[in-house]
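Notes follow the structure.
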Amino acid sequence: MPRRSGPPTKRRPAFVGSTLVIASGKGGVGKSTVAVSTALSLAKLSPGSTGLGRSLRVGLLDLDIFGPSVPKLMGLDKAGEPRLSKNGQLVPLTNHGIPTMSMGYLLPPSPDTGSASDAPIVWRGLMVQKATQQLLFDVDWRGEQGGPEAEEGAGGGSGLDVLVIDTPPGTGDVLLSLTQLMIIDSVVIVSTPQDVALIDARRGVRMFEKCGVQVTGMALNMSHLETGMASAAPLEVFGSSASFDKLAQELQVPVLGRIPIESSIASGGDRGQPGVLQNPSPSVESHAAAPSAPR
Ligand code: ADP
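Numbering (full-length UniProt numbering), first residue to last: 1 to 295.
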């Protein structure tokens with residue numbers, strides 16, 4: 001019999017209603033911070049505003065295989081390895097009410113720091129592809145993640161409304177596998193105002209378009225610094241946000257918001273206590289509704 005060829009069939013991860021991908025062209029622009037903050041903020045939406053009459057069940061998947069940040073940002077970098085459910089799937093590790101999965105949980109701890117997320121990974125393409133597939137489709141996102149009812153699959157856990165996915169910077173193998181294998185409901189591209197970041201953000205938007213995925217919006221991180229003086233204009237430390245607006249207009253992608261530089265964001269991330277836990281959106285300027293509603 002002739003072998004079937006053609007692109008693989010796309011699917012959602014099991015027990016996931018809607019997928020929201022956070023991407024960036026460049027590393028260090030705050031993509032993981034935005035992914036973590038978005039997951040926590042979605043989970044904190046009031047039941048009346050979700051359209052479901054209850055809070056959203058939100059999970060966070062860290063697909064940044066070579067530089068996983070989610071374990072550290074979520075305060076789970078010393079949490080140990082995830083266990084396996086009875087059907088052999090990875091059971092997420094939960095903190096701040098958000099179940100998470102990351103390559104950082106699956107690596108041996110670095111001898112330097114004792115944290116698995118710091119261990120270097122030297123892999124060929126096929127191993128990256130296998131790891132991506134496992135993280136995408138071999139995680140049990142049901143219910144009280146890891147609870148006995150989830151393992152039994154007796155309907156005790158009903159899965160996630162939204163899975164937020166943090167991705168590696170750039171347009172490499174992992175992103176390619178993601179766009180080929182998974183149904184993506186929304187994509188947010190994060191950038192900072194510098195030209196080098198904007199050039200890569202444009203590349204990111206074009207890559208998704210090329211793969212047939214419409215980008216939902218762009219967010220500008222580290223847009224400005226509040227001086228604290230009522231009379232003084234905010235300092236645009238990394239350049240004018242006008243270039244970002246121009247790019248968004250040119251690409252016909254909505255601007256979702258601007259996030260200022262705030263020391264509490266950096267220090268909260270370092271402590272595994274994301275800033276949004278204390279202060280939902282201190283001075284974030286939001287321009288649009290949250291990306292696609294979960295189904
Ligand atoms: P990426 O995922 O794009 O590599 P990260 O989310 O890991 O970037 O952020 C890089 C660093 O910048 C982290 O230390 C993070 O805490 C810090 N950071 C991110 N956004 C902000 C911000 N708006 N203000 C201050 N620090 C920030």
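From the three backbone atoms N, C-alpha and C, an ideal C-beta is built for every residue, glycine too.
When Leu160, Ser186, Gln273, Thr132 are compared, the shortest CA-CA separation from Phe66 is found for Thr132. Distances taken from the Cβ of Ser32 to the heavy atoms of the ligand ADP include one shorter than 7 angstroms.
Burial of Lys31 is indicated by the presence of at least 16 other C-beta atoms within 10 angstroms of its C-beta. Annotated three-state conformation of Pro71 is helix, per DSSP. Taking non-hydrogen atoms of the ligand ADP into account, the C-beta of Gly269 is found less than 7 angstroms away from one of them. According to the DSSP assignment, Ser191 belongs to the beta strand (DSSP E) that extends over 186 to 191.
With a cut-off of 8 angstroms on Cβ pairs, the segment 161 to 181 is in contact with the segment 9 to 22, counting three or more such pairs. With the rule of 3 Cβ pairs closer than 8 angstroms, the segment 32 to 48 counts as touching the segment 59 to 73. As for any alpha helix (DSSP H) of minimum length 4 sitting wholly inside the segment 214 to 270, the runs are 242 to 251, ordered along the chain. The Cβ atoms of Pro168 and Ser240 lie no closer than 8 angstroms to each other.
A straight-line Cα-Cα distance of about 28 angstroms links Thr9 and Gly104.
Runs of alpha helix (DSSP H) with 4 or more residues, each lying fully within the segment 38 to 82, are found at 70 to 73, listed in chain order. Checking the 7 angstroms criterion, the Cβ of Gly28 is within range of a heavy atom belonging to the ligand ADP.
Residue environment analysis places Gln278 among the exposed positions, since fewer than 16 neighbouring C-beta atoms fall within 10 angstroms of its C-beta. If you check the CB distance, Val215 and His224 do not come in under 8 angstroms. For Met207, the closest alpha carbon among the candidates Leu61, Ala14, Asp77, Leu251 is that of Leu251. Here the distance from the Cβ of Asn221 to the nearest heavy atom of the ligand ADP is below 7 angstroms.
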